[in-house]
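For reference, the structure is listed below as structure tokens.
Protein chains: 2
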Amino acid sequence: MHSTGALLIDRLIAELPTDTVITDPASMDAYRWDRANDPNAGTPLAVVRATCTEDVQATVRLAAATGTAVIPRGAGSGLSGGSTAMDGAIVLSLDRMREIRIEPATRMAVVQPGAFNAEVKAAAAAQGLWYPPDPSSFEFCSIGGNVATNAGGLCCVKYGVTTDYVLGMTVVLADGRAVNLGGPRVKDVAGLSLTKLFVGSEGTLGVITEVILRLVPPQKPPTTLVASFPTLTGATDAVLAITRATRPSMLEFMDRPTIRAVEAATRMGLDTDAAAMLVIQSDDDPAVAAAEIAIIEQICIDNGTSECYLTADADEGEAFVQARRMAIPAVEKQGSILLEDVGVPIPRLGDLVLGIAAISAEHDITIAVLAHAGDGNTHPLLVFDPADDAQRQRAHVAYGEVMDLAIALGGTITGEHGVGRLKQPWLEDYLGPDVLELNERIKHALDPQGILNPGAVFARR
Amino acid sequence: MHSTGALLIDRLIAELPTDTVITDPASMDAYRWDRANDPNAGTPLAVVRATCTEDVQATVRLAAATGTAVIPRGAGSGLSGGSTAMDGAIVLSLDRMREIRIEPATRMAVVQPGAFNAEVKAAAAAQGLWYPPDPSSFEFCSIGGNVATNAGGLCCVKYGVTTDYVLGMTVVLADGRAVNLGGPRVKDVAGLSLTKLFVGSEGTLGVITEVILRLVPPQKPPTTLVASFPTLTGATDAVLAITRATRPSMLEFMDRPTIRAVEAATRMGLDTDAAAMLVIQSDDDPAVAAAEIAIIEQICIDNGTSECYLTADADEGEAFVQARRMAIPAVEKQGSILLEDVGVPIPRLGDLVLGIAAISAEHDITIAVLAHAGDGNTHPLLVFDPADDAQRQRAHVAYGEVMDLAIALGGTITGEHGVGRLKQPWLEDYLGPDVLELNERIKHALDPQGILNPGAVFARR
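Taken in sequence, the protein lines are chains G and S. Adding 233 to a residue's 1-based position in the first sequence gives its number in our numbering. Adding 233 to a residue's 1-based position in the second sequence gives its number in our numbering.
So this is what it looks like as structure tokens:
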């Protein structure tokens with residue numbers, strides 16, 4: 234190890250509480266990857282497991298003084314490589330900062346970034362309240378990561394995404410100063426909307442050490458409709474008609490490869506001959522929900538559904554939702570996967586799904602498509618045999634073509650996972666040079682040294 | 234006129250369509266003020282009434298080339314002086330850009346900035362949809378101004394503020410480039426959240442020439458409860474209990490001076506002896522709304538209401554809402570006013586209202602308080618005789634003290650009107666030097682010459 238690195242480690246250890254700094258390579262290993270599993274992950278100089286905002290400040294100050302890269306990370310559940318470690322960097326883990334304080338009087342939660350989404354939901358529920366955003370990974374993803382990526386989920390079609398629930402935050406800037414942005418107020422327009430700017434900034438502008446979240450009254454037990462379709466077009470046409478006429482609290486899509494993978498893992502009796510399946514919920518008052526689901530069922534019939542199954546039993550409905558949530562791990566059992574997150578305006582969903590099927594056929598790569606169909610956000614999963622180099626190569630080509638297709642259809646390269654390092658090379662194609670330059674100006678204004686999560690979102694300089 | 238100004242006018246006239254550039258002082262007069270009525274408004278070099286994005290680009294390019302200030306304006310209904318003209322500046326009016334396109338399939342509206350909020354609501358309603366944000370001025374304020382100030386309104390307590398409905402926009406940058414941010418997608422996390430940054434930026438970062446708004450299904454006819462209270466504390470305690478236990482779609486507050494002003498203007502039989510009155514609505518399904526209003530009525534009784542009036546008739550309820558909306562013009566009949574917009578966390582609402590009463594007594598200035606109580610956002614109206622210099626002086630001192638009080642209570646100096654020029658001197662007290670500097674870094678990164686709305690939000694350099 235060269236001497237500046239050793240000196241930096243000495244100073245980190247000197248300034249931070251005992252057992253906060255990890256430098257043992259074996260112990261650091263767990264902090265080198267997120268769920269993007271980047272094979273090129275580097276080896277950090279040290280991992281700092283911060284216990285409080287002051288620890289984060291001390292770490293960032295030392296990093297700034299030495300020009301050292303800082304890679305913030307929460308639970309490591311990111312899918313775009315936003316927390317992939319770099320050689321010589323400090324990995325700044327927030328996994329020990331997990332306090333949650335619920336304030337029922339103002340319906341807010343004050344949360345440290347390492348708390349899991351599910352823990353926030355549970356703490357809110359204990360006070361008769363609800364935190365809506367629900368990534369499929371909610372049981373093992375952190376709120377800090379959710380805010381950093383502006384995470385979505387299944388209920389977003391009705392309840393919006395993470396940014397819609399963030400009222401304020403404490404953030405450590407690139408020079409180590411800590412600032413409070415926003416606060417426990419629904420309305421605040423004094424100064425630029427910095428809170429909203431930091432949401433979704435993927436650790437490139439600052440390190441979030443506390444967030445203030447808006448909570449809402451609890452969701453009512455949903456009524457669930459599961460509809461199978463003999464054609465992809467029947468399902469996507471139904472999605473468009475449903476979003477136009479009704480307001481479901483969930484509108485999920487799985488294509489045949491996804492249905493088959495889930496059925497293989499669950500044996501719950503899904504229709505494995507269907508081209509696609511929709512899982513739809515309405516969470517209005519029971520009578521209203523029943524009427525809404527009846528409209529939706531008729532739309533499915535009008536679009537050629539082969540089978541509709543309806544249940545007002547919330548637990549039975551949840552079984553189908555869990556089947557949908559386990560789609561990614563189920564498909565992962567079939568090989569290595571490249572996980573997409575492209576989104577399009579709803580009227581283009583059919584073109585996207587058919588176009589992906591064409592890409593799949595052209596490159597002879599299985600692509601299982603699941604989607605938060607109600608907001609046009611799809612997760613095509615490209616499956617390949619890691620031992621088959623040619624297949625891996627084809628999968629990577631197809632991966633890029635799916636993003637190109639989404640852009641061509643007026644869509645985005647990432648709806649809810651973030652750009653990270655995985656999609657950084659495609660960001661300019663999507664944003665165009667002018668908007669990319671605008672992003673870079675803000676990045677440079679807030680992190681002139683470029684020490685915060687270099688290589689994520691923005692190309693390494 | 235000095236020659237550079239004359240040259241700039243010549244070039245504006247040469248590059249823009251006929252009848253777009255106004256230089257006649259009498260005709261320009263209508264474009265020098267917004268509703269803040271700043272007595273120090275300057276005289277612009279020219280007013281450009283843009284007809285399209287390209288007109289805005291041409292104007293900003295010429296301004297950039299000559300270092301000329303640009304003051305963007307919509308309908309001129311702003312209350313914080315965000316559109317007050319400056320000597321030698323170009324006033325860039327968007328009042329002719331009023332196209333509205335509703336896309337029912339995706340539940341979106343594509344709107345030019347000069348369209349009125351009420352026109353967007355009407356166009357949405359014609360397609361069975363609803364655009365919720367509802368400033369009291371909705372009949373004469375523009376969407377561009379709403380987005381520029383992140384405007385609020387009465388339904389925000391349940392439905393959120395303008396930023397929650399903005400999915401994308403076209404904006405002309407300080408160098409004249411036009412960029413598209415966001416788009417017709419509920420989920421998009423590719424790059425920094427620039428759309429959200431531009432919402433509420435008050436024309437200091439760019440000029441918005443088109444916005445994409447999210448629409449929702451229509452609101453149901455509300456049930457309305459009007460409750461009078463013999464004490465301010467009874468009313469504010471009721472507000473806290475109501476927001477904790479229920480989710481009204483409106484929760485408005487008027488104190489005695491406000492009630493009396495409205496009664497004088499309307500003769501609708503309001504209780505002019507009450508210390509305060511709440512106007513509360515629930516817009517759930519009728520049976521659910523009835524149950525919610527019953528809970529709210531009981532809370533009002535528990536907090537000592539002197540009279541509760543309940544109606545499930547939407548038109549009758551709307552009469553009370555209109556009474557509330559006309560509170561500002563009603564109070565304006567009593568003298569000149571200084572209009573406040575301070576907000577606090579709900580549990581501090583009582584302290585704020587009582588503190589304002591103390592400031593009123595100390596300075597012998599009538600302060601009529603109306604409030605979007607359910608989100609802690611208040612509009613104290615300081616009334617003074619414009620012919621009485623001493624009173625005017627006291628009113629201005631009290632105006633500052635109200636902001637100081639809000640800051641001391643953990644609140645904001647502006648909840649929904651914006652900082653503009655009127656509140657710019659207080660912004661640093663509220664944000665603190667670090668957050669202000671963060672704001673300035675972003676301003677400088679996006680408008681290095683400082684030509685966009687100088688003096689609004691940021692001090693003139």
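From the three backbone atoms N, C-alpha and C, an ideal C-beta is built for every residue, glycine too. Since the model is a prediction, treat every value here as computed from it, not as a measurement.
For residue i, which residues in the same chain have their Cβ closer than 8 Å to its Cβ, ignoring the five residues on either side in sequence?
i: Leu473(S); result: Ile579, Pro580, Leu582 and Gly583
i: Ile534(S); result: Cys541
i: Gly416(S); result: Leu400, Gly401 and Ile445
i: Thr476(S); result: Val390, Leu484, Ile579 and Gly607
i: Gly385(S); result: Pro366, Pro368, Val394, Thr395, His605, Asp608, Asn610, Gly648 and Glu649
i: Ser260(S); result: Val280
Starting from residue i, trace the alpha helix (DSSP H) both ways and give me its first and last residue.
i: Cys285(G); result: From DSSP, Cys285(G) is part of no alpha helix (DSSP H); its letter is neither H nor E.
i: Asn672(G); result: Gln657 to Leu679
i: Met636(G); result: Asp622 to Ala641
i: Ile492(S); result: Arg489 to Thr499
i: Met319(G); result: Note, Met319(G): premise wrong, no alpha helix (DSSP H); not H, not E.
Which residue's Cα is closest to the Cα of residue i: the options?
i: Glu485(S); options: Ala689(S), Val602(S), Asp408(S) and Gly415(S); result: Val602(S)
i: Ile445(G); options: Ile534(G), Ala355(G) and Val344(G); result: Val344(G)
i: Gly439(S); options: Ala411(S), Pro619(S) and Cys285(S); result: Ala411(S)
i: Leu414(S); options: Ala407(S), Thr253(S) and Ala423(S); result: Ala423(S)
i: Ile376(G); options: Val432(G), Val405(G) and Val390(G); result: Val432(G)
i: Val281(S); options: Ala298(S), Met330(S), Gly300(S) and Leu312(S); result: Met330(S)
i: Trp363(S); options: Ser370(S), Asp506(S), Lys354(S) and Phe371(S); result: Lys354(S)
i: Val394(S); options: Glu372(S), Pro368(S), Ala407(S) and Phe373(S); result: Pro368(S)
i: Met738(S); options: Pro450(S), Val449(S) and Arg558(S); result: With chain S running from 234 to 694 in the structure shown, residue 738(S) is simply not present.
i: Arg306(S); options: Pro451(S), Trp266(S), Ala298(S) and Ala274(S); result: Trp266(S)
i: Gly314(G); options: Leu655(G), Ala239(G) and Ala520(G); result: Leu655(G)
i: Ala522(S); options: Ala547(S), Gly361(S) and Leu312(S); result: Ala547(S)
i: Arg232(G); options: Ile532(G), Ser310(G), Gly238(G) and Asp622(G); result: Past the edges of chain G, shown from 234 to 694, lies residue 232(G), and the structure says nothing about it.
i: Ile598(S); options: Val586(S), Val630(S), Ala620(S) and Leu587(S); result: Val630(S)
Excluding the 5 residues preceding and the 5 following residue i in the sequence, name in chain order all residues of the same chain whose CB lies nearer than 7 Å to its CB.
i: Val635(G); result: Glu573, Val575, Ile589, Ile592 and Pro613
i: Phe553(S); result: Thr457, Val459 and Val512
i: Arg480(S); result: Lys391
i: Val405(S); result: Thr286, Val289, Gln290, Val293, Ala411, Gly439, Val440 and Thr442
For residue i, which residues from the same chain have a beta carbon less than 6 Å from its beta carbon, with the 5 sequence-adjacent residues on both sides left out?
i: Leu503(S); result: Ile492 and Glu496
i: Leu571(G); result: Leu615, Ala628 and Tyr632
i: Glu332(G); result: Gln345
i: Asn536(S); result: Gly467, Asp470 and Ala471
i: Asp328(S); result: Gly347
i: Met234(S); result: With a pLDDT of 48 at Met234(S), under the threshold of 50, the modelled position of that residue is not reliable, and the figure given next carries that caveat. Closer than 6 Å at the Cβ level, and outside the excluded window around Met234(S), lies no residue.
i: Met671(G); result: This sequence places Leu at residue 671(G); Met is not what is there. The answer is none, since no qualifying residue turns up.
i: Arg334(S); result: Val343
i: Val254(G); result: Leu245, Ile246, Ala279 and Val281
Let me confirm a value: residue i is counted as buried when at least 16 other C-beta atoms fall within 10 Å, else exposed. Which label applies?
i: Glu435(S); result: buried
i: Pro365(S); result: buried
i: Met501(S); result: exposed
i: Gln555(G); result: exposed
i: Gly607(G); result: buried
i: Gly644(S); result: buried
i: Thr339(G); result: buried
i: Ser426(G); result: buried
i: Asn379(G); result: buried
i: Leu278(S); result: buried
i: Phe211(G); result: Nothing can be reported for residue 211(G), as the shown portion of chain G is limited to 234 through 694.
i: Val652(S); result: buried
i: Thr382(G); result: buried
i: Ser236(G); result: exposed
At which residues does the beta strand (DSSP E) containing residue i begin and terminate?
i: Leu614(S); result: Asn610 to Phe617
i: Leu245(G); result: Run containing Leu245(G): none in the beta strand (DSSP E); it sits in the alpha helix (DSSP H), Ser236 to Glu248.
i: Ala259(G); result: Premise fails: Ala259(G) lies in the alpha helix (DSSP H), Pro258 to Met261, not in any beta strand (DSSP E).
i: Val399(G); result: Val399 to Val405
- Query: Residue ranges of each beta strand (DSSP E) run of no fewer than 3 residues wholly in the segment 332 to 394 of chain S, ordered along the chain?
  - Reply: 333 to 336 and 341 to 344
- List in chain order: all unbroken alpha helix (DSSP H) runs of 4+ residues lying wholly within the segment 418 to 484 of chain G. 427 to 431 and 465 to 478
- Message: Please give the ranges of any beta strand (DSSP E) in the segment 516 to 581 of chain S, keeping only runs that are unbroken, at least 3 residues long and fully inside the region.
- Response: 540 to 544 and 569 to 572
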